[in-house]
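Residue numbers (my numbering): 50 to 462.
Don't be surprised by glycine CBs; every beta carbon is placed ideally from N, CA and C.
Remember, predicted model here, so these are calculated numbers, not experimental data.
A short worksheet on the structure shown next.
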Ligand code: EPZ
């Protein structure tokens with residue numbers, strides 16, 4: 050349980066960690082070769098450790114050195130992922146593409162849904178079918194096979210991050226070129242493209258598609274993972290909601306345009322350098338309206354923390370969640386802290402209040418947890434947040450970083 054005594058403006062500088070959602074597909078890309086793949090700036094998070102453990106279970110030798118991990122060898126990649134590892138973390142499903150590409154078969158449990166919606170993988174499977182794979186789903190397990198993967202053009206009904214990554218991973222070893230029309234363009238997907246290009250499979254972005262030229266085999270490389278824009282955005286919102294001033298050193302302002310535009314709209318002072326962003330707010334924020342969209346739209350992962358911030362702004366704000374079907378399960382906890390928040394269909398509305406009060410609340414997923422942390426930092430007394438394991442899945446050294454900004458926070462059992 051995390052205990053926060055709020056009401057203290059945060060001031061100072063925190064360092065951006067490597068992006069969880071770039072590190073996860075990068076670990077899966079290492080499955081495409083037996084050559085050593087060195088990943089730098091990898092955040093030491095539960096989800097990343099799970100992905101690395103999965104790579105080890107599939108045959109990789111793994112060596113950590115601080116935030117650098119070397120994934121090497123692995124001979125014949127295993128074709129069955131241990132269910133316990135896959136159930137822990139949805140991105141494990143990205144191991145399917147490499148299994149099909151290198152072994153022509155793969156068995157993988159369907160990833161579980163979670164607190165933010167059903168999380169289907171139909172776009173992954175439809176895309177892999179276009180490349181020549183066939184599937185038999187029995188009892189929650191996907192039995193996949195493909196004599197050979199043949200590059201072709203795949204249209205995505207929705208610019209799914211995971212499906213785009215899955216198809217880039219499979220296309221890297223398919224015969225010929227694979228073009229994905231209507232792809233996800235998140236920085237983490239682009240980062241995977243840089244890694245695959247460095248491994249020998251050129252990835253080229255065009256107006257409406259991304260193309261990868263499949264190779265007979267891939268080499269190893271060294272790749273530095275991009276900074277985590279969602280972690281950075283969370284700390285910038287912490288500075289704003291507490292009416293202090295926070296700088297995230299190492300953040301990429303060009304990955305945060307949507308959030309920074311909304312922060313300016315609420316009256317916050319935003320200052321950017323090439324690799325740092327500072328947000329300050331002296332008085333009460335103004336209300337704002339937003340909708341979450343695929344990148345470069347407002348990121349769905351910052352919708353919950355943003356609503357915590359807007360819950361203390363003056364006036365009514367709304368956020369329409371267009372990416373996930375139900376990403377509002379933090380709202381009940383905010384209401385218990387005195388916020389006036391309600392959900393109407395796919396939109397969350399909040400009439401800002403002057404003051405939030407501490408309460409005992411529970412985090413149900415990573416970003417819901419972030420929303421509760423922000424509300425607790427602004428609340429005028431003590432908040433106890435259970436379910437902190439979710440926070441450990443997405444935020445490196447959260448307590449230490451918040452303390453360094455002047456927050457009164459501790460972990461209690
Ligand atoms: C990635 O999830 C991120 N996770 C999520 O971050 C992020 O919220 C999401 O992209 C959107 O940006 C990782 O990168 C590990 P999607 P992913 O496929 O790939 C539907 C966090 O907190 N869909 O773009 O699962 C899906 O149900 C996490 O760090 C299908 O219908 O997201 C959702 O409604 C949470 N069929 C929408 O598309 C499919 O086959 C977006 O999903 C795949 C997805």
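With a threshold of 7 Å on Cβ separation, who are the neighbours of residue i within its own chain once the five nearest residues in sequence on each side are excluded?
i: residue 225; result: 199, 200 and 263
i: residue 137; result: 99
i: residue 304; result: 236 and 278
i: residue 207; result: 172
i: residue 380; result: 390, 392 and 397
i: residue 384; result: 390
For residue i, which residues of its own chain have a beta-carbon under 6 Å away from its beta-carbon, when the five flanking residues on both sides are left out?
i: residue 123; result: 83, 108 and 109
i: residue 283; result: 354 and 419
i: residue 347; result: 307, 339 and 341
i: residue 117; result: 89
Roughly how many angstroms separate the alpha carbons of residue i and residue j, rounded to a whole number?
i: residue 210; j: residue 229; result: 12 Å
i: residue 447; j: residue 274; result: 19 Å
i: residue 419; j: residue 265; result: 43 Å
i: residue 180; j: residue 307; result: 35 Å
i: residue 260; j: residue 231; result: 11 Å
i: residue 402; j: residue 135; result: 42 Å
i: residue 351; j: residue 416; result: 7 Å
i: residue 462; j: residue 433; result: 11 Å
i: residue 449; j: residue 459; result: 9 Å
i: residue 97; j: residue 367; result: 33 Å
i: residue 428; j: residue 361; result: 10 Å
i: residue 343; j: residue 253; result: 19 Å
i: residue 301; j: residue 66; result: 11 Å
i: residue 267; j: residue 151; result: 11 Å
i: residue 222; j: residue 257; result: 22 Å
i: residue 154; j: residue 64; result: 42 Å
Can you determine whether any heavy atom of the ligand EPZ sits closer than 7 Å to the C-beta of residue i, and answer yes or no?
i: residue 353; result: no
i: residue 374; result: yes
i: residue 233; result: yes
i: residue 212; result: yes
i: residue 92; result: no
i: residue 379; result: no
i: residue 70; result: yes
i: residue 456; result: no
i: residue 165; result: yes
Relative to the ligand MG, is the shortest distance from any of its heavy atoms to the C-beta of residue i smaller than 7 Å?
i: residue 140; result: With respect to the ligand MG, the structure shown offers nothing to examine, as its ligands consist of the ligand EPZ.
TODO: For the stretch 241-261 and the stretch 61-79, state whether three or more C-beta atom pairs, one from each stretch, are separated by less than 8 Å.
DONE: Yes: at least three Cβ pairs fall under 8 Å.
- [ ] Evaluate the contact criterion for the stretch 177-197 versus the stretch 321-328: three or more CB pairs, one atom per stretch, below 8 Å.
- [x] In short, these stretches do not touch, since the Cβ pair count stays below three.
TODO: At 4 residues or longer, and completely inside the stretch 426-454: list those alpha helix (DSSP H) runs for me, N to C.
DONE: List check, alpha helix (DSSP H) in window: 437-443 and 447-453.
TODO: Give, in chain order, every unbroken run of the beta strand (DSSP E) that is at least 3 residues long and sits entirely within the stretch 263-303.
DONE: Listed in chain order, they are 270-273 and 294-298.
Open item on the list: For the pair the stretch 282-298 and the stretch 55-62, tell me if three or more CB-CB distances fall below 8 Å.
Closed with: Short answer: they touch.
Task: Complete runs of the alpha helix (DSSP H) confined to the stretch 330-404 [at least 4 residues] - done: List check, alpha helix (DSSP H) in window: 352-359 and 380-385.
Task: In chain order, each alpha helix (DSSP H) run of at least 4 residues that lies wholly inside the stretch 228-265 - done: Complete alpha helix (DSSP H) runs here, min 4: 236-247.
Task: Complete runs of the beta strand (DSSP E) confined to the stretch 96-123 [at least 3 residues] - done: For the stretch 96-123, whole beta strand (DSSP E) runs of length 3 or above, ordered along the chain, are 110-114 and 117-121.
TODO: Only counting runs of 4 or more residues, tell me where the alpha helix (DSSP H) segments fall wholly within the stretch 59-91, in order along the chain.
DONE: If we require 4 residues or more, the alpha helix (DSSP H) runs fully inside the stretch 59-91 come out as 69-78.
TODO: Would you list, in sequence order, the uninterrupted beta strand (DSSP E) runs of no fewer than 3 residues that lie entirely inside the stretch 305-330?
DONE: Scanning the stretch 305-330 for uninterrupted beta strand (DSSP E) segments of 3 residues or longer gives 318-322 and 325-329, listed from N- to C-terminal end.
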